[in-house]
Structures are given as structure tokens and as C-alpha cells.
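This report concerns only the one structure given below.
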Amino acid sequence: ADTLGGAAAQSGRYFGAAIAPNFLGETQYADTLNAEFNSIVAENAMKWDATEPNRGQFNFSGGDTLVAHAEANGMEVRGHTLVWHAQQPGWVQGLTGDDLRQAMTDHIAGVAGHYQGRISSWDVVNEAFEEDGSRRQSNLQQQLGDGWIEEAFRAADAADPDARLCYNDYNTDGINAKSDGIYAMVEDFLARGVPIDCVGFQSHLSTDSNLSTYQANLERFAALGVDVEITELDVGGSGSAQADVYRTVTEACVAVDRCNGITTWGITDKYSWRGDDTPLLFDDAYQKKEAYDAVLEVL
Ligand code: XIL
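According to mature numbering (1 follows the signal peptide of the UniProt record, and there is no 0), the sequence shown is numbered sequentially starting from 1.
In C-alpha cells form, the structure reads like this:
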């Protein structure tokens, strides 16, 4: 196959991109998306601040635009993200105790329920661990205690039993203290029957990232009994050094049966959240970069 999505599909995988609905009107943006990718995720449009700006008042306009585009073009949709310490609407930030717990489970029911049956995998909880493998001291953690993550997964499972339910985080690009902490949580969830199906590895990388245990880390999670997904891949840098990092990550996913797919965090460098890092597969003018060729060759 001569596209990212087509090549990934040959081994039953997806190749996706993070998308902003307001760019779909740009011809080159939409054309590149439609030609090359067979999965999308909302870069921001399905986050808590976007979907529930006021308590109990949901706004699905951006997310619905993306899901409609995906369905019209035969693409899967990843859901990102139901619960996160960042990009919470203001009204959530001051809540305490059971009031916050109720707001969290109502939010999950509202959003995952709205998209029920249309999402391949949800990032139910995002970035809940510190670098040392302990829990991040977010409002959720401080107000609700350790049980909040499993409560979120149970609420997501009730709202959309068919979606795969993922835990998603960054700086988990190898076997390290942070990925150890997540591994222990997943092992515990599986042992106790907490519904978790997958772990997302964001993979915000650069040309000096150490990837010596990247594949081994995916393998140990897969061996536990969850799928693994590369959820937000981007690599600061350029040329062959950048291409090498993309190649290593793609090789690792392809080598692991339970690695279902790869999503890059955007299409074009022009709109990357990383500013001038030029971390994506298409340059500012939507030209394919050396990294693109490396990924396509491996898929
Ligand atoms: C980023 C978006 O790309 C930006 O547009 C936004 O301003 C901030 O969030 N980890 C995540 C993503 O899980 O949701 C973040 O996306 C990037 C880091």
C-alpha cells in the first residue's frame, strides 16, 4: 500500500492523526487526512472543557463534526479524553469530595454515552502518574483518593461497553519508574476485574529520546493482557535523525501483535502543538518528510 492507513490496515492496524474540526475546511488538510489516515482523534474537541463547559450542559459540536467526517470516510475514531487534570472547565476545579465524584461520573456517562458504539478506544484517564511512578496529586487524586481511576473506568464501561478502554500517559517510552507504576495499576485492575482493555503510550519524542526499551515495554504490557496503542506520536527534529526515531517506534508497534495502531499528534508541522519543533510527518506545505518514508516502509 502507498498510504499510511492503507499500509497499517494490511496488518489489521490503524494509522491515525489528531484533528481539529476547524481545519477540515482547509483543502490540503482534509485531502491529506483523507488520503493517508484511517483513524482520527480530537486534538481538543472531546476534552472536558470543550464538551461540558457548564455543569450538565454538553456541547458536542466539534466532536460530532469529527465523528461525522470519520464515518463518511471509513475511519475509526479514538476518544480523547474523559478525565484529565488539565483542560478541566472552571466549574470542576473548585469541586470537592462526592460532588467532584458525581461530576466525574456524570461527565463520563454524558460523553461516552453520547458517542456510544462509535468510538474504537477511549482514553478514559489521561496522565494520572508522576515520573516516579506515584499518583499525580491532581484535584481528582486529592479529593477522591486512589479509587478514582477505577471508578472512571467502571463508568466508561457502563456508558460504552463496546469501546476499548485505555489508560494513556507520556514519558512511558521504555521501562522506567513511571511505566512501572502504570504496569502495577493495570496488573491490579486485571486481577480484580476492573474493565481496562488498553494502554496508550503518547510518545512525544525527540531525536535524543532513549528508545532502548521501548518495544520491551510494549511487550510487557501486552503480556499482561491489554492492547497497546501509540497515541500521540511526534518527534522533534528533522531529516534522518527524526526518521530513525519514527522508524524505531513503528518497528516496535509492528513487532507487537497487540499494538493496534499508531496516531500522530497532528498532520502538518504547521499546526503542531510543539511550535517550531517540526515533529510531524508532513511539513508546513503538506510535503511528505523523510520520516514519512521511514514509517511507510516499516508498516
Ligand atoms: C494538547 C493540544 O495539542 C493543544 O492544542 C492544547 O493546547 C493542549 O493539549 N498530552 C495530551 C494531549 O494528552 O491532550 C495534549 O494536547 C498534548 C499532551
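Every residue gets a Cβ at the ideal spot worked out from N, C-alpha and C, and that includes glycine.
Where does Arg13 sit, in a helix, a strand or coil, going by DSSP?
Mapped onto the sequence shown, residue 13 falls at position 13. DSSP places Arg13 in coil when its eight states are reduced to three.
Using DSSP bridges, identify the partner residues of Asn139.
The count along the sequence shown starts at 1 and reaches residue 139 at position 139. None; Asn139 has no bridge partner.
Would a C-beta distance cut-off of 9 Å place Gly62 and Asn22 closer than the cut-off?
For this step, residue 62 is matched to residue 62 along the sequence shown. For this step, residue 22 is matched to residue 22 along the sequence shown. In contact: Gly62 and Asn22 (Cβ atoms closer than 9 Å).
What would DSSP say about Thr268, mapped onto helix, strand or coil?
Along the sequence shown, one-based indexing puts residue 268 at 268. Three-state DSSP puts Thr268 in a strand.
Would you grab the beta carbon distance between Arg78 and Val41 for me? Rounded to a whole angstrom, and I think it's under 8 Å.
If you number the sequence shown from 1, residue 78 lands on position 78. If you number the sequence shown from 1, residue 41 lands on position 41. Sure, about 4 Å apart at Cβ, within 8 Å.
Classify Asp269: buried if its beta carbon has 16 or more other beta carbons within 10 angstroms, exposed otherwise.
The residue given as residue 269 occupies position 269 in the sequence shown. So Asp269 ends up on the buried side.
Between which two residues does the alpha helix (DSSP H) carrying His85 extend?
Here residue 85 is taken as the residue at index 85 of the sequence shown, counted from 1. Where His85 is concerned, there is no enclosing alpha helix (DSSP H), given that its DSSP letter is neither H nor E.
DSSP state of Gly6, grouped into three classes?
Against the sequence shown, residue 6 aligns to sequence position 6. Helix at Gly6.
Gln87: buried (16+ other C-beta within 10 angstroms of its C-beta) or exposed?
As a working note, residue 87 is residue 87 in the sequence shown. Result: exposed.
Going by DSSP, name the residue or residues bridged to Thr263.
For the purposes of this step, residue 263 is identified with residue 263 of the sequence shown, where counting begins at 1. BP columns for Thr263 point to Gly16.
Short of 6 Å in beta carbon distance, which residues of its chain neighbour Phe153, apart from the five on each side in sequence? Order them along the chain.
The residue given as residue 153 occupies position 153 in the sequence shown. Result list for Phe153: Val124, Leu165, Val194, Pro195 and Ile196, in chain order.
Specify, as a first and last residue, the run of the alpha helix (DSSP H) that Val245 falls within.
The count along the sequence shown starts at 1 and reaches residue 245 at position 245. First-last of the alpha helix (DSSP H) with Val245: Gly239 to Ala255.
With C-beta atoms as the reference, is Asp132 less than 9 Å away from Ala177?
The residue labelled residue 132 in the question sits at position 132 within the sequence shown. The residue labelled residue 177 in the question sits at position 177 within the sequence shown. Against a cut-off of 9 Å, the Cβ pair of Ala177 and Asp132 comes out as a contact.
Excluding sequence positions up to five away, which residues of its chain have a Cβ less than 7 Å from the Cβ of Asn171?
For this step, residue 171 is matched to residue 171 along the sequence shown. Result list for Asn171: Glu131 and Lys178, in chain order.
Report yes or no: do three or more beta-carbon pairs, one from the stretch 207 to 227 and one from the stretch 269 to 282, lie closer than 8 Å?
No: the two stretches stay apart, fewer than three of their Cβ pairs being nearer than 8 Å.
Residue environment, Gly237, which counts as buried when at least 16 other CB atoms sit within 10 Å:
Position 237 of the sequence shown, counting from 1, holds the residue named residue 237. The residue in question, Gly237, is buried, as its Cβ has 16 or more Cβ neighbours within 10 Å.
Mapping DSSP to helix, strand and coil, what is Val194?
Position 194 of the sequence shown, counting from 1, holds the residue named residue 194. Val194: coil per DSSP, three-state reduction.
Rounded straight-line distance, which links the Cα of Ile230 to that of Tyr115
The sequence position of residue 115 within the sequence shown is 115, counting from 1. The sequence position of residue 230 within the sequence shown is 230, counting from 1. Rounded to the nearest angstrom, the two C-alpha atoms are 22 Å apart.
Answer yes or no: the CB of Thr32 versus the heavy atoms of the ligand XIL, is any distance below 8 Å?
Here residue 32 refers to the residue found at position 32 when the sequence shown is read from its first residue. False, no ligand heavy atom lies under 8 Å from that Cβ.
Apart from the five residues on each side of it in sequence, which residues of its chain come closer than 8 Å, Cβ to Cβ, to Ala222?
Position 222 of the sequence shown, counted from the start, is the residue given in the question as residue 222. If we look at Ala222 and ignore the five residues flanking it on each side, its Cβ neighbours are Val228, Val256, Asp257, Arg258 and Cys259.
With a threshold of 8 Å (Cβ to nearest heavy atom), would Thr51 be considered close to the ligand XIL?
If you number the sequence shown from 1, residue 51 lands on position 51. Flag unset: Cβ of Thr51 not near the ligand XIL.
Do Tyr286 and Leu4 have their beta-carbon atoms positioned less than 9 Å apart in this structure?
Here residue 4 refers to the residue found at position 4 when the sequence shown is read from its first residue. Here residue 286 refers to the residue found at position 286 when the sequence shown is read from its first residue. Not closer than 9 Å, so no.
Close beta carbons around Thr51, own chain, < 7 Å, minus the five adjacent residues each side:
Along the sequence shown, one-based indexing puts residue 51 at 51. So the qualifying residues of the chain are Phe58, Asn59, Phe60, Gly63 and Val111.
Determine, using beta carbons only, whether Val226 and Val186 come nearer to each other than 9 Å.
The sequence position of residue 226 within the sequence shown is 226, counting from 1. The sequence position of residue 186 within the sequence shown is 186, counting from 1. Yes. Within cutoff.
Cα-Cα, which of Ile19, Ala9 and Leu299 is closest to Lys68?
Along the sequence shown, one-based indexing puts residue 68 at 68. According to the sequence shown, residue 68 is Ala rather than Lys. Nearest C-alpha to Ala68: Ile19.
Heavy atom of the ligand XIL within 8 Å of Trp273 beta-carbon:
Looking up residue 273 in the sequence shown gives position 273. The answer is yes for Trp273.
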